[in-house]
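Take a look at the structure below.
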DNA sequence: ATCCGGACCTGGTCGC
DNA sequence: TGCGACCAGGTCCGGA
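Encoded structure:
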């Protein structure tokens, strides 16, 4: 489900409940999600203190005061639930069925953190110190960091005949984008999603670079608003879904003033793409 | 090397 | 109300 902004929102929601806290109890309810969880997961986590919660791409990393870091990925349907009330008194969201609660952490301050993932495309793993973890080692630059530059994007696009949409979904090119924010960034940059990446001019790549940063930053801000309102800490889309300009808006008018186009949906390598055929070229 | 389609899962929605 | 078809925010893998 979650792309970079949703994962960042989950991280921010989780941080006050985890950072500095000892994990007092761990309940692992199945051996695997997409892959097997480490056999020593419960042993490593129980009694450990979380020092820092970080995010890399769509992964949340909890550094521990002992040994490895905990790695979480929410896949398509992963959610995190935070409960501070004792069991039994908590009136939880009925849309999150306890049926798919796979991992539960309790902290010394009494928070209970539950990973729920119906489709089980998510992942839980440990990253040993100094290890080049296979899920992390191939990742491209963090889009909101200084590592992500127009030049680097241009270099990744050079000579490539694949549609620009496919390359933006490739986590080796830039990390953290998914279907939604790729559609939204291409719309903002006025670039047609089927255009061969290698045939986009430098100025338009620079515009795309800016659009990627803008849309992610705005979505994170909106996620933060959701957090302050206690609307969502779980990985669901926050307020920003009301700001989508093309995603999911087939048949609606293009929001660009004066454009007059109609948002279209096509399918590219099995996934829906929404765009405006008039102002995206 | 690059590109694409299929695979992994469950649940929600829509049309009949 | 029931049932099948189709769709979904990710990403790894294998074959062309």
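In full-length UniProt numbering, the protein residues as written are 1 to 281.
All C-beta atoms, glycine included, are put in the ideal place defined by N, C-alpha and C.
For the alpha helix (DSSP H) holding residue i, just list the boundary residues, first then last.
i           : result
residue 167 : 164 to 169
residue 181 : 179 to 189
residue 202 : 202 to 228
residue 11  : 4 to 18
residue 152 : 150 to 157
Do residue j and residue i count as a contact pair if the criterion is CB distance below 8 Å?
i           : j           : result
residue 175 : residue 141 : yes
residue 44  : residue 11  : no
residue 64  : residue 46  : no
residue 205 : residue 132 : no
residue 103 : residue 28  : yes
residue 210 : residue 5   : no
residue 276 : residue 267 : no
residue 212 : residue 143 : yes
residue 67  : residue 106 : no
residue 164 : residue 195 : yes
residue 160 : residue 207 : no
residue 18  : residue 62  : yes
residue 35  : residue 123 : yes
Between the Cα of residue i and those of the options, spot the shortest distance and give me the residue it belongs to.
i           : options               : result
residue 42  : 69, 51 and 162        : 69
residue 119 : 214, 76 and 223       : 76
residue 250 : 272, 268, 215 and 240 : 272
residue 33  : 101, 217 and 20       : 101
residue 269 : 193, 263 and 155      : 193
residue 214 : 2, 184 and 127        : 184
residue 221 : 145, 212, 208 and 239 : 239
residue 126 : 73, 199, 116 and 165  : 73
residue 98  : 122, 81, 168 and 146  : 81
residue 178 : 129, 25, 219 and 281  : 219
residue 57  : 278, 227, 139 and 207 : 139
residue 274 : 253, 31 and 26        : 253
residue 187 : 40, 248, 24 and 227   : 248
residue 79  : 278, 202 and 7        : 7
What are the boundary residues of the beta strand (DSSP E) that residue i is part of?
i           : result
residue 112 : 112 to 117
residue 26  : 23 to 28
residue 127 : 123 to 127
Mark residue i as exposed unless 16 or more other C-beta atoms lie within 10 angstroms of its C-beta, in which case mark it buried.
i           : result
residue 9   : buried
residue 246 : buried
residue 242 : exposed
residue 114 : buried
residue 217 : exposed
residue 2   : buried
residue 108 : exposed
What runs of the alpha helix (DSSP H), each 4 residues or longer, lie entirely inside the segment 39 to 75?
-> Counting only runs of 4 or more, we get 41 to 45.
Where in the segment 247 to 273 do unbroken runs of the beta strand (DSSP E), each at least 3 residues long, occur, reported from the N-terminal end onward?
-> Taking only runs of at least 3 residues, the beta strand (DSSP E) segments lying wholly in the segment 247 to 273 are 264 to 268.
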